[in-house]
Amino acid sequence: MFLAMATAYGQAAKAPAKAAPKAAAKADAPATASGPDVAVMGRVSFKGTAPVSKPIAMDSEPSCAAKHTGKVYPETVIVNPNGTLKNVFVYVKTGLEGKTFPAPQTPATLNQVGCVYEPHVLGVVVGQDLKIVNSDATTHNVHALAQVNPDFNIGQRAGAGPIIRIFDKPEATMGIVCNQHPWMKAVAHVISNPYFAVSGADGGFEIKNLPPGTYTLEALHEKYGASTQQVTVVAGKPVAVNFSFSSGQAFVPGSLKTMANVIVP
Ligand SMILES: [Cu+2]
130 MFLAMATAYG
140 QAAKAPAKAA
150 PKAAAKADAP
160 ATASGPDVAV
170 MGRVSFKGTA
180 PVSKPIAMDS
190 EPSCAAKHTG
200 KVYPETVIVN
210 PNGTLKNVFV
220 YVKTGLEGKT
230 FPAPQTPATL
240 NQVGCVYEPH
250 VLGVVVGQDL
260 KIVNSDATTH
270 NVHALAQVNP
280 DFNIGQRAGA
290 GPIIRIFDKP
300 EATMGIVCNQ
310 HPWMKAVAHV
320 ISNPYFAVSG
330 ADGGFEIKNL
340 PPGTYTLEAL
350 HEKYGASTQQ
360 VTVVAGKPVA
370 VNFSFSSGQA
380 FVPGSLKTMA
390 NVIVP
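Everything in the sequence shown is counted per the working numbering, starting at 130 for the first residue and increasing by one.
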């Protein structure tokens, strides 16, 4: 008992020195814009208990297992150390009606590295190239579980060139899976404007260059679903918006056609 208390005290005594550099990344601390082009910024907080997931058994694919130094976990729910939620897709849902946006010239890229999709969540604009790259020494089978756009299911050998696909219609939460490696999963969100962001390792997101106006933002997460917020963007000053999801909540359907919740446990 005394030992346990002494250990706890020892940890507590060390805590301030360790915690100080992280203070700015606290979930409720105000976000700081990374540049003058940031129109909307915020964080996605997470309430409740982070789900516990089992490490992925990659023994069936030694060439992929060898690319990882530690254990690899499913990325369905990632709660950051500061209590925020990673991989939440935040985009402009309404307020841009009647406007059209040229598809970005640069492709959205989905890489396969060590039998893991990078990134796990990505945004693609209608008409933009989605470039799927195989960086592994094995064959992948890229299967887009599209419901609004045509689905596709394509083998991609080691060393093969990229697969390019273009989506014609908005479609949120499209699962991309691999028929060779059942643990592989990415989530693509296809939207009709270029104003979106994905929450990062501190739960933060930034939407850049959104013109002044009033908009509805929607935040989408593959397990927890949708949450919306109204926001008014003014010139020259980033507006702060925060979202929150919780461990006990049921899946909330979003406004875009969303596929049934594909969960890799
Ligand atoms: Cu694969």
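Just so it is clear, CB atoms sit at the ideal spot from N, CA and C, and this is done for glycine as well.
Secondary structure note for Ser376: it is in no alpha helix (DSSP H), with a DSSP letter that is neither H nor E. For Gln241, the CB falls within less than 7 Å of some heavy atom of ligand 1.
Of all residues, those with a beta-carbon under 6 Å from at least one heavy atom of ligand 1 are Cys244, His269, Cys307, Gln309, His310 and Met313, reported in chain order. Secondary structure at Ser182: coil, using DSSP grouped into helix, strand and coil. Taking C-beta separations shorter than 7 Å and ignoring five residues to either side along the sequence, the partners of Gly377 in its chain run Gly177, following chain order. Nearest to Ser182 by C-alpha distance, out of Tyr202, Val362, His249 and Leu214, is Tyr202. A direct Cα-Cα distance of roughly 14 Å separates Val316 from Phe296.
Looking from the CA of Gly329, the closest CA among Asn216, Ile261, Pro191 and Val206 belongs to Asn216. Gly342 has Val362 as its beta-bridge partners, per DSSP.
Between the region 333-351 and the region 277-297 there are fewer than three inter-stretch CB-CB distances shorter than 8 Å, so the stretches are not counted as touching. Check the Cα spacing between Ala326 and each of Asn338, Val219, Ala364 and Ser174: the tightest is with Val219.
As far as DSSP is concerned, His197 takes part in no beta bridge. By the beta-carbon neighbour count (other beta carbons within 10 angstroms, threshold 16), Asp188 is exposed. Ile305 places its beta carbon 8 Å or farther from that of Lys260. Under the three-state reduction of DSSP, Ser328 is assigned to coil, being neither helix nor strand. Secondary-structure assignment with DSSP links Phe281 through a beta bridge to Ala273. Of the candidates Ala162, Thr161 and Val169, the residue whose Cα lies closest to the Cα of Val363 is Val169. Beta-bridge pairing by DSSP links Val368 to Val169. The shortest CA-to-CA distance from Glu247 to any of Leu214, Gly224, Ala289 and Glu204 is the one to Glu204. Relative to Gly199, the option among Ile185, Val208 and Gly212 whose CA is nearest is Ile185.
If only uninterrupted beta strand (DSSP E) runs of at least 3 residues are considered, those enclosed by the region 204-278 are 218-223, 237-242, 245-247, 250-254, 258-263 and 269-273.
Counting along the chain, Glu300 sits inside the beta strand (DSSP E) bounded by residues Glu300 to Cys307.
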